[in-house]
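A quick write-up on the structure given underneath.
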Amino acid sequence: MKVFIYSLFWGLVLSSCTKSFVSMCDLFPESLKVEVHKPSFDVDSIRKPIDMYYVGGKLFMVDMYSSPLVTAFDWTTGKYIGRFANRGQGPHEYLWFSAASSFDGKLGLYDENKKEFAWFSYEKDTVCCSSIELAHSDKMFPFKVIALSNEYFVATGLIEENKHFVIYNKEGQKVSVFGDYPKDDSKPGCSYQDNAFAYQPAGMVYNAKEKVFAVGERDGQIAMFYDMSDISHPKLLKQNVASYPQFVNSSTSTSSSVSFLRENVSGFFGMAVTDKYCVGFFSGKQSQDRDSYITGGDKLLHLTGRETR
797 MKVFIYSLFW GLVLSSCTKS FVSMCDLFPE SLKVEVHKPS FDVDSIRKPI DMYYVGGKLF
857 MVDMYSSPLV TAFDWTTGKY IGRFANRGQG PHEYLWFSAA SSFDGKLGLY DENKKEFAWF
917 SYEKDTVCCS SIELAHSDKM FPFKVIALSN EYFVATGLIE ENKHFVIYNK EGQKVSVFGD
977 YPKDDSKPGC SYQDNAFAYQ PAGMVYNAKE KVFAVGERDG QIAMFYDMSD ISHPKLLKQN
1037 VASYPQFVNS STSTSSSVSF LRENVSGFFG MAVTDKYCVG FFSGKQSQDR DSYITGGDKL
1097 LHLTGRETR
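Quick note on our numbering: the sequence shown kicks off at 797 and runs consecutively.
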């Protein structure tokens, strides 16, 4: 479960909404209630993390520019625990982690370059790890992968069937695909390559107790929730769209890609899951410069895919 060093608990609940709205934030009443947790970490051990994840009382900081790539801290005391995941091409070495998840007290990290999903867990002071190599090709290429359980994983990326997600099993083989891309009426005929690059989630999280898979798109203002009770036939529970990604096809003869337009709104930049909510770190802003790109947000939105129980 991905968290931030500070925890801002805004009382924001995403309800079903049929009317149109300009911004994702229009769905939320703003709350000024703030609770702050300030653990004191061993500053000299932090390095330059690009992401952080909380699992089982430990905070893991991922630094893709230094080896080992992951540093562990005790969440309560801030005490440095250790480092693991050396950079390299060999067995139990890694190049670039693009997504994280957890299950059964284990940290799961997906190496986009090696197409491997790696489990990490602490047994006393020893880090145990295992890896799963995922099936891939030019027409099925996983960009991000998270765990649903020990048996199944969900990925987004290039999917030939022009679906948003693919389910893998623990052998790394494709089981099924699901999820239509949110339809932008101005771009009805996009290829699976266009959609894969334009609709890239900034966060994918899973609540194993409720069996709800939540997605926040990086571009445009889109949040989606799926019921994963039947792993072979996931069902869309709720989808809220304030704006779609604004892009043009910029593919060449040797590669596929899209370019985002100045009109594009940057959406989510990170997501976490709690017992009740999916917490989205959100921007909702347009870039003022065509050549620049917004890389962070300033709002936390508490989303739910089912009615609060």
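Ideal placement from N, C-alpha and C gives every residue a C-beta, glycine not left out.
Residue i - DSSP class collapsed to helix/strand/coil
i       : result
Gln885  : coil
Val839  : helix
Phe824  : coil
Gln1084 : coil
Trp806  : In this predicted model, Trp806 has a pLDDT of only 35, less than 50, meaning its place in the structure is not dependable enough to derive any value.
Tyr918  : strand
Val950  : strand
Met857  : strand
Leu1096 : strand
For residue j and residue i, believed in contact at Cβ under 8 Å, the rounded distance
i       : j       : result
Tyr995  : Pro1041 : 6 Å
Asn946  : Asp907  : Incorrect: roughly 19 Å between the Cβ atoms, too far for contact.
Ala1038 : Ser827  : Contact doesn't hold; Cβ gap of about 20 Å is too wide.
Phe1078 : Asn1060 : In fact, because the Cβ distance is near 15 Å, the residues do not count as touching under 8 Å.
Ala868  : Met1000 : Not quite, the Cβ-Cβ distance comes to about 23 Å (not below 8 Å), so this is no contact.
Phe949  : Leu903  : So it is not a contact: roughly 14 Å between Cβ atoms.
Counted within 10 angstroms of its Cβ, other Cβ atoms place residue i as buried (16 or more) or exposed
i       : result
Lys935  : exposed
Gly953  : buried
Ser982  : exposed
Tyr850  : buried
Arg843  : exposed
Pro825  : exposed
Leu1057 : exposed
His960  : buried
Thr1050 : exposed
Ile846  : exposed
Glu967  : exposed
Thr1100 : buried
Gly807  : In this prediction, Gly807 has a pLDDT of 35, which is less than 50 and means its spatial position is unreliable; what the coordinates show is noted afterwards. The residue is exposed, with fewer than 16 neighbouring Cβ atoms inside 10 Å.
Cys986  : buried
Lys798  : Summary for Lys798: the model assigns pLDDT 42, below 50, so the residue's position carries little reliability; its value from the coordinates is reported in the next sentence. Lys798 comes out buried.
Cys924  : exposed
Tyr964  : buried
Unbroken beta strand (DSSP E) run spanning residue i, endpoints
i       : result
Asp870  : 866-870
Pro997  : 997-1003
Phe1035 : In the sequence as presented, Phe is not what sits at residue 1035; that position holds Gln. Run containing Gln1035: 1031-1039, per the beta strand (DSSP E) assignment.
Ser894  : 893-899
Leu1057 : Counting along the chain, Leu1057 falls outside any beta strand (DSSP E), and DSSP gives it neither H nor E.
Gly968  : Run containing Gly968: none; DSSP gives neither H nor E here.
Extent of the continuous alpha helix (DSSP H) to which residue i belongs
i      : result
Asn958 : Where Asn958 is concerned, there is no enclosing alpha helix (DSSP H), given that its DSSP letter is neither H nor E.
Gln989 : 988-994
_the segment 1018-1029 / the segment 915-925 touching (three or more Cβ pairs under 8 Å)_ = no
*Would you check if there are 3 or more beta carbon pairs closer than 8 Å linking the segment 1063-1078 to the segment 998-1017?*
Short answer: they touch.
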